[in-house]
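In our numbering, the protein residues as written are -1 to 199.
Written as structure tokens, this is what we have:
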């Protein structure tokens, strides 16, 4: 796997591109607000499958969650502050409110990018060196790796990303409710097929 592919910038670009796709944002917010799951980790789970064609175990996700605990707590605290502070404004159409909201969101995005950097760095140093592919598409070198990724069928990507998401949910939640499984399938249907098109472009 090329070092130019498994990077924070690559993950960040993927996350931003797909978060902006139609129907993705409400699904991610449901993961965050209804189930208290981490959107960054969820998107990382899908991106990891696309990039490495490997599955992360529940223990891997527990380790990842520990690795991002400090940076993620900063995101949580700032998000709470942002929401409470902006809730004081009655006129949400005022230019002052709009400018302040954008400034807050920009800062929050920078904090989230640090979370993604921590995910990538921990994975590169502590998981990838020991990783055993449970299910993979063979690749002889970096050039053929990209070709294999482009030719990967929807079923393969759906399986890999789905397994990673399920393992993350199982690591984060003691008992997964049926509504979360439904959300899981909706997220996969929107993200994984779009991801294939994006990677093959």
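Ideal placement from N, C-alpha and C gives every residue a C-beta, glycine not left out.
Notebook entry, point to check: Below 8 Å, can you find three or more Cβ-Cβ pairs linking the segment 24 to 42 to the segment 152 to 171?
Noted result: yes
Next item on the list: Note the first and the last residue of the continuous alpha helix (DSSP H) segment covering residue 154.
Entry: 152 to 170
Next item on the list: Give a yes or no on contact between the segment 54 to 63 and the segment 10 to 19, applying the rule of three or more CB pairs nearer than 8 Å.
Entry: no
Checklist line | C-alpha distance - residue 106 paired with residue 23, whole-angstrom precision | finding: 16 Å
Check: Along the chain, where does the alpha helix (DSSP H) that runs through residue 60 open and close?
Finding: 56 to 65
Notebook entry, point to check: Relative to the alpha-carbon of residue 3, which residue among 72, 18, 48 has its alpha-carbon at the smallest distance?
Noted result: 48
Margin query: Using a Cβ-Cβ cutoff of less than 7 Å, which residues in the same chain neighbour residue 161 once the five nearest sequence positions on both sides are dropped?
Written below: 53
Item checked: Limits of the alpha helix (DSSP H) - the one that residue 87 falls within -> Premise fails: residue 87 is in no alpha helix (DSSP H) and is neither H nor E.
Note to self: I believe residue 33 touches residue 171 by the beta-carbon criterion, under 8 Å. Please report the beta-carbon distance rounded to the nearest angstrom.
What the structure shows: 7 Å
Next item on the list: Taking only the alpha-carbon atoms, compute the straight-line gap between residue 64 and residue 119 and give it to the nearest angstrom.
Entry: 13 Å
Notebook entry, point to check: If we call anything under 8 Å between Cβ atoms a contact, is residue 95 one with residue 89?
Noted result: yes
Checklist line | As assigned by DSSP and simplified to three states, the class of residue 99 | finding: helix
Item checked: Rounded separation between residue 25 and residue 185 - CA only -> 7 Å
Item checked: Which of helix, strand or coil DSSP assigns to residue 14 -> helix
Next item on the list: Please classify residue 50: is it buried, with 16 or more other beta-carbons within 10 angstroms of its beta-carbon, or exposed?
Entry: buried
Item checked: residue 205 versus 180, 36, 176, 125, residue with shortest Cα-Cα distance -> Look at the range of the chain in this structure, -1 to 199, and you will see that residue 205 is not part of it.
Next item on the list: Look at the Cβ atom of residue 27, then the Cβ atom of residue 181, and state whether they are nearer than 8 Å.
Entry: no
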